[in-house]
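Working notes, structure below.
Numbering (the UniProt record's numbering), first residue to last: 1 to 441.
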């Protein structure tokens with residue numbers, strides 16, 4: 001896969017010239033589907049180690065990593081008169097940019113020694129019992145290839161994950177191949193890009209226009225609470241991207257009782273122009289939300305699916321990372337960052353002098369034991385954030401300062417890891433584990 005996770009692994013492995021890397025991308029071109037992507041300081045520090053920090057920072061116009069940044073403005077908005085109740089400020093803030101721009105930055109740093117092929121969707125793989133024989137990859141077009149190690153960064157509907165689960169079923173480690181399939185969260189997101197000029201022309205006093213331009217990174221607005229009319233847990237997230245020329249607009253709608261059921265339709269679809277059904281849950285919300293709904297173009301509807309936890313991400317010489325391993329709801333803004341962390345730790349282990357074809361399973365085992373628990377923790381935090389933003393853990397009718405202060409405290413506590421911790425400790429622990437396990441061989 002040639003998305004954020006796959007490219008981050010390729011760039012990490014570029015530091016080790018003895019490792020030959022081939023990237024297979026299913027799409028005809030290296031293009032990312034989606035609009036905004038966010039990176040917290042913890043993930044940015046990894047990109048710094050890969051020599052990408054300045055290029056990524058340039059996507060948003062500059063950065064003072066030591067300066068506290070206004071990240072989110074929270075507003076309870078389910079009544080005509082909204083109530084602002086919290087501003088999340090953190091060191092370094094949250095970098096937000098267009099996903100395709102970020103992918104281009106990663107692609108520009110791929111070394112010539114790496115080969116890349118598009119229009120290559122993995123259908124299946126065959127893993128021999130002997131560690132001396134290569135893994136055979138079979139693609140949807142009928143062609144094949146071989147490798148010593150297969151890393152599936154192939155997204156939510158990962159063929160690599162499906163193969164791992166089949167092997168785990170055969171070995172008795174899991175009971176059903178259903179673990180390979182994504183789970184619908186009961187939630188949909190309506191995503192659109194709104195030109196700032198359109199907002200400025202029709203609503204020049206809107207918050208996204210009047211926020212001081214010197215605030216960096218530019219803060220996001222989160223209009224939150226439940227929609228009591230349709231018994232839907234809803235919130236709206238907005239933030240500027242592409243150097244402030246567009247506003248990324250995302251309207252979330254969640255039916256908790258539908259979590260784990262089958263989504264009745266395509267997972268991604270264009271909403272017909274002129275359709276207003278998707279706006280119904282926000283009827284009666286405050287004026288700032290209504291103004292954005294007024295100028296928003298027909299959005300894309302995304303059914304948000306997640307990946308159920310696995311007992312391991314590894315089978316023999318095959319492993320997974322990113323969404324293939326731990327696809328999560330977007331409420332932590334950490335899906336891309338976690339894929340980058342997966343890639344960096346896995347790549348560091350693969351490039352270690354003690355990792356050979358014989359010791360490869362041990363290195364993959366260390367990667368699994370270090371990364372899987374942490375990524376699953378972030379996955380749970382993301383789900384919890386979605387509940388916090390829609391007041392599912394608080395009395396939606398209570399506007400008391402105590403209730404809103406408690407909500408604000410919960411939000412900050414659930415996110416502090418993203419700027420107060422570093423991946424360095426995990427890398428050091430992984431290297432120590434590898435050296436302890438194979439150092440005497």
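Heads up, the beta-carbon is just placed ideally off N, CA and C, and yes, glycines get one too.
Supposed contact pair residue j and residue i - C-beta distance, whole angstroms, cut 8 Å
| i | j | result |
| --- | --- | --- |
| residue 156 | residue 182 | 5 Å |
| residue 434 | residue 343 | That pair is no contact at about 17 Å. |
| residue 123 | residue 138 | 5 Å |
| residue 105 | residue 52 | 7 Å |
| residue 324 | residue 263 | Not confirmed; about 19 Å, so no contact. |
| residue 103 | residue 233 | The pair is not a contact, with the Cβ atoms about 31 Å apart (cut-off 8 Å). |
| residue 136 | residue 184 | Wrong, their Cβ atoms sit about 33 Å apart, outside the cutoff. |
| residue 310 | residue 179 | 6 Å |
| residue 166 | residue 177 | 6 Å |
| residue 38 | residue 94 | 5 Å |
| residue 196 | residue 144 | Not really, about 49 Å apart at Cβ, beyond 8 Å. |
| residue 249 | residue 164 | Contact flag wrong, Cβ pair sits at about 37 Å. |
Cβ-based neighbour list, residue i, same chain, cut-off 7 Å, excluding 5 preceding and 5 following
| i | result |
| --- | --- |
| residue 208 | 199, 221, 238, 240 and 247 |
| residue 107 | 7 and 30 |
| residue 387 | 393 |
| residue 365 | 314 |
| residue 376 | 309 and 326 |
| residue 214 | Because residue 214 carries a pLDDT of 35, less than 50, the predicted location of this residue cannot be relied on, and the following value inherits that uncertainty. Nothing listed; no residue qualifies. |
| residue 16 | 351 |
| residue 10 | 21, 23, 110 and 114 |
| residue 28 | 118 and 119 |
Closest by C-alpha distance to residue i, when choosing among the options
| i | options | result |
| --- | --- | --- |
| residue 128 | 18, 146 and 112 | 146 |
| residue 58 | 407, 243 and 263 | 243 |
| residue 412 | 258, 6, 90 and 47 | 90 |
| residue 517 | 148, 142 and 121 | No answer is possible for residue 517: it lies beyond the span of the chain, which begins at 1 and ends at 441. |
| residue 96 | 370, 70, 130 and 125 | 70 |
| residue 73 | 82, 60 and 88 | 88 |
| residue 99 | 389, 172, 5 and 16 | 5 |
| residue 359 | 17, 370 and 436 | 436 |
| residue 254 | 365, 320, 375 and 278 | 278 |
| residue 269 | 300, 252 and 375 | 300 |
| residue 56 | 101, 82, 76 and 68 | 101 |
| residue 405 | 68, 28, 2 and 85 | 85 |
| residue 162 | 81, 125 and 409 | 125 |
| residue 282 | 68, 80, 60 and 38 | 80 |
| residue 75 | 389, 312, 431 and 432 | 389 |
| residue 329 | 259, 274, 276 and 370 | 259 |
| residue 504 | 140, 109, 274 and 130 | The displayed coordinates of the chain run from 1 to 441. Any statement about residue 504 would go beyond what the structure contains. |
| residue 337 | 280, 276, 159 and 417 | 417 |
| residue 368 | 312, 249 and 205 | 312 |
Same chain only: Cβ atoms within 6 Å of residue i, ignoring 5 sequence neighbours per side
| i | result |
| --- | --- |
| residue 334 | 378 |
| residue 297 | 192 |
| residue 216 | Bear in mind that the predicted position of residue 216 carries a pLDDT of just 41, short of 50, making it too unreliable to give a figure here. |
| residue 327 | 156, 306 and 307 |
| residue 174 | 168 |
| residue 251 | 190 and 236 |
| residue 26 | 121 |
| residue 331 | 382, 385 and 386 |
| residue 82 | 75 and 286 |
| residue 47 | 53 and 56 |
| residue 273 | 298 |
Beta-carbon contacts of residue i that lie in its chain and below 8 Å, excluding the five residues immediately before and after
| i | result |
| --- | --- |
| residue 12 | 50, 343, 344, 346, 347, 348 and 351 |
| residue 257 | 186 |
| residue 427 | 344, 345 and 348 |
| residue 202 | 291, 294 and 295 |
| residue 370 | 345, 426, 429, 430 and 433 |
| residue 339 | 3, 4, 5, 8, 153, 321, 322 and 323 |
| residue 439 | 354 |
| residue 271 | 190, 278, 298, 299, 300 and 301 |
Any C-beta of chain B under 7 Å from that of residue i
| i | result |
| --- | --- |
| residue 120 | This model lacks chain B altogether; it includes just one protein chain. |
Does the pairing of the stretch 401–410 with the stretch 313–320 give three or more beta-carbon distances under 8 Å?
At 8 Å Cβ cutoff, the stretches do not touch.
Segment contact flag, the stretch 185–196 with the stretch 43–52, C-beta cutoff 8 Å, min 3 pairs
Not touching, per the Cβ criterion.
Indicate whether the contact test is met: 3 or more Cβ pairs, each with one atom in the stretch 344–355 and one in the stretch 376–390, closer than 8 Å.
A contact is defined here as three or more CB-CB pairs under 8 Å, and the stretch 344–355 fails this definition with respect to the stretch 376–390.
Would you call the stretch 18–29 and the stretch 109–124 touching, i.e. three or more CB-CB distances under 8 Å?
yes
What runs of the alpha helix (DSSP H), each 4 residues or longer, lie entirely inside the stretch 72–153?
You should have 99–107.
Determine contact between the stretch 420–430 and the stretch 283–302, defined as no fewer than three beta-carbon pairs at a distance below 8 Å.
Under the 8 Å Cβ criterion, the stretch 420–430 does not count as touching the stretch 283–302, having fewer than three qualifying pairs.
Which whole runs of the alpha helix (DSSP H) in the stretch 232–310 are 4 residues long or more, in chain order?
Qualifying alpha helix (DSSP H) stretches, in chain order: 287–295.
Length-filtered (4 minimum) alpha helix (DSSP H) runs lying within the stretch 333–363:
335–351
List, from N- to C-terminal side, the alpha helix (DSSP H) runs of 4 residues or more that fit wholly inside the stretch 400–430.
Runs of the alpha helix (DSSP H) inside the stretch 400–430: 401–415 and 417–420.
Fully enclosed by the stretch 21–60, which alpha helix (DSSP H) runs are 4 residues long or longer?
DSSP runs (the alpha helix (DSSP H)) wholly in the stretch 21–60: 41–49 and 53–58.
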